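Sequence positions in the sequence shown follow mature numbering (1 follows the signal peptide of the UniProt record, and there is no 0) and run -28 to -1, 1 to 434.
From the three backbone atoms N, C-alpha and C, an ideal C-beta is built for every residue, glycine too.
Every value quoted in this text rests on a predicted model; they were computed, and no experiment measured them.
To start, the structure itself, in structure tokens.
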Amino acid sequence: MDRPHRRLPAALAASVIAASVLVTGAPAAEAATAAVIPGTMWTDTAGNRLQAHGAGVFTVGSTYYMVGEDKVAGSTFTAVACYSSTDLVHWTRQVNALSRQSSGDLAAGRIVERPKVIHNSTTGKYVMWMHIDNTSYNDQRAGVAVSDTPCGPYTYLGATRPLGHPSRDLGLFKDDDGTAYMIHEDSAAGMRIERLAPDYTTAQGTVATFPSLESPAMAKVGNRYFLLTSHLTGWGTNDNVYATATSPAGPWSGFTNVAPAGTRTYDSQSSFLLPISGTAGTNYVYLGDRWNAGDLYSSLPVWLPITLTAGGVAALSWYPSWGVDTSTGAITLPSYPRLTGNQSGRCLDITGGAPANGSTTQIWDCNGGAGQSYAPNTAGELRVFGTKCLQARAQGTTAGTAVEVWDCNGGNQQKWMLSADGTIVGVQSRLCLDVNAQATANGTRVQLWTCNGGANQKWTRG
């Protein structure tokens, strides 16, 4: 994900990096905030296309390591590549964590997918799990490899069906107490969470089961666990879903879309949830793949900030570019001096330009006023007047609910998802920000309404 080699949008250049250095080609040491451009081709520090599909990321000190599938050979095994970075943008390719062997699971023509690594502080080993298969996808085993160093090369220990269960897409999670879990798709019975043995190299017991899902990723915020996963649609993307629990053993909530319905998770499939911690706290990044079934080598990474709250909300917005500072853990999002209604050509506006609690929203001629400028943040809020939040009145979740400003309080009625198609969706209601009756006149009320794709529900950021 190095040097995106394209000019950054003006909104990002102006507002995301106001007091920091934007990295488009400078050495990482010069960077304060580095720019991420999702859904584009990324290259490493040698100028080669990044090959880390189905990636997993782990940290050693202040260095991030990423393992992923090298797709030079297409769907069959080339290598498990390993990269290092200090800013999550400039990636240097290291030795292959696993290389092709003359026979066995790692031979040419085999399937090796979704490698993930966790460190065992007791044994001192880095432990990698991965999906091992044949081209018919009926072998369905989980492979394990270990190393004394982050990139290895790793020693391959072999593959099994964990606890006798078929195994395909998988993920790893290490809890605060050192307990590790492997989450995998069992094609015969659904998805499973397996507790790993103390050395992390074998499965010890099943702690939870789910319907048929794949591509799992897990994170923990406070005392709440998030499981993000995809439906089974082959290389085609779908609306990824998440569930939460206060224990890996559950009980787990029902599954809910993590992004607005119909976006197919911005044409991506989940691979990993990455915490970024520093002096500014901890933020989270969604790592996904935009698979190109006809040319897997050219599949694109989709990395986006994701809102995860201790209260159990996950929400994913689309940003054409965003900033990250790994030294502080801060994620910087673009601010928008205006949100212009596509149908009316008028701006989302606070009635009377007043920051008073309860002031409602409308459309009005764009005038650059403070009541027309909005700043999204990693909490999922849309801030206006600096300290006020856009919210659904009285936590309403029905079509026609008024949208107003209020003191920011962390409520779910104040959380929004900004979709790639211009819609703005309430996280609590799953309704769209809508101009009443498709009217275009100054003063027309803005409300929540069932998302329908209409031009009165689409807003141009800028």
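For the 8 Å CB-CB criterion, Gly28 and Pro125 do not form a contact. Boundaries of the beta strand (DSSP E) harbouring Asp406: Cys404 to Val407, taken from the DSSP string. In this chain, the alpha helix (DSSP H) harbouring Thr237 covers Arg236 to Asp239. DSSP links Glu186 through a beta bridge to Ser202. In the structure shown, Leu268 falls within a helical segment according to DSSP collapsed to helix, strand and coil.
Take the alpha-carbon of Cys319 and the one of Ala231: they are about 24 Å apart. Separation of the CB atoms of Gly11 and Leu272 is rounded to 5 Å, and the pair is thereby assigned contact status at 8 Å. Asn264 and Ser47 have their C-alpha atoms some 11 Å from each other. Under the Cβ criterion (8 Å, minimum of three pairs), the segment 126 to 143 counts as touching the segment 153 to 165. For Met389, the enclosing beta strand (DSSP E) covers residues Trp388 to Leu390.
Below 8 Å, enough C-beta pairs join the segment 371 to 390 and the segment 418 to 425 to call them touching: three or more. With respect to the C-alpha of Ile322, the residue from Gln363, Lys146, Phe244 and Met13 having the closest C-alpha is Gln363.
Residue burial is scored here from C-beta neighbours: Val32 has fewer than 16 other C-beta atoms within 10 angstroms and is therefore classed as exposed.
Going by DSSP, Tyr55 is part of the beta strand (DSSP E) stretching over Ala51 to Ser57. Taking each of Trp207, Tyr36 and Ala326 in turn and checking the Cα distance to Gly266, the smallest one comes out for Trp207. Relative to the Cα of Ile335, the nearest Cα in the group Tyr269, Gln410 and Cys54 belongs to Gln410.
Where Glu85 is concerned, the enclosing beta strand (DSSP E) starts and stops at Ile83 to His91. By the criterion of a C-beta distance shorter than 6 Å, Gly222 is surrounded in its chain by Ala180, once the five residues flanking it on both sides are discounted. Sequence-distant Cβ neighbours of Lys97 in its own chain, meaning closer than 6 Å and more than five residues away, are Val118.
In the DSSP assignment, Tyr308 is bridged to Tyr346. Here Met100 is near Ala69, since their CB atoms are less than 8 Å apart.
Scanning Ala53, Gln400, Thr35 and Trp14 for the CA closest to the CA of Thr228 turns up Gln400.
According to DSSP, residue pairing for Tyr98 in a beta bridge involves His91 and Ser119. Looking at Thr251, Val274, Ala252 and Ser249, the one whose alpha-carbon comes closest to that of Tyr258 is Val274. In the displayed model, Asp337 falls within coil according to three-state DSSP, outside both helix and strand. Annotated three-state conformation of Leu135 is helix, per DSSP.
Selection Thr5, Ala24, Ile9 and Thr17 evaluated against Ser270 yields Ala24 as nearest (Cα-Cα). Within the DSSP bridge table, the entry for Glu376 names Thr332 and Gln363 as partners. Look at Gln400 here: in three-state DSSP terms it is coil, with no helix or strand label. C-alpha of Leu245 to C-alpha of Phe30: approximately 11 Å in a straight line.
When the Cα atoms are used, Gly76 and Ile104 turn out to be separated by approximately 11 Å. In the displayed model, Gly324 falls within a helix according to three-state DSSP. Distance from the Cα of Gly426 is smallest, within the candidate group Ala413, Leu405 and Gly383, for Leu405. With 16 or more other Cβ atoms inside 10 Å of its own Cβ, Asn212 counts as buried.
Counting every other CB atom within 10 Å of its CB across the protein chains shown gives Gln344 a total of 16 or more, marking it as buried. Your pair Gly250 and Gly301 checks out as a contact, with CB atoms roughly 3 Å apart and the cut at 8 Å.
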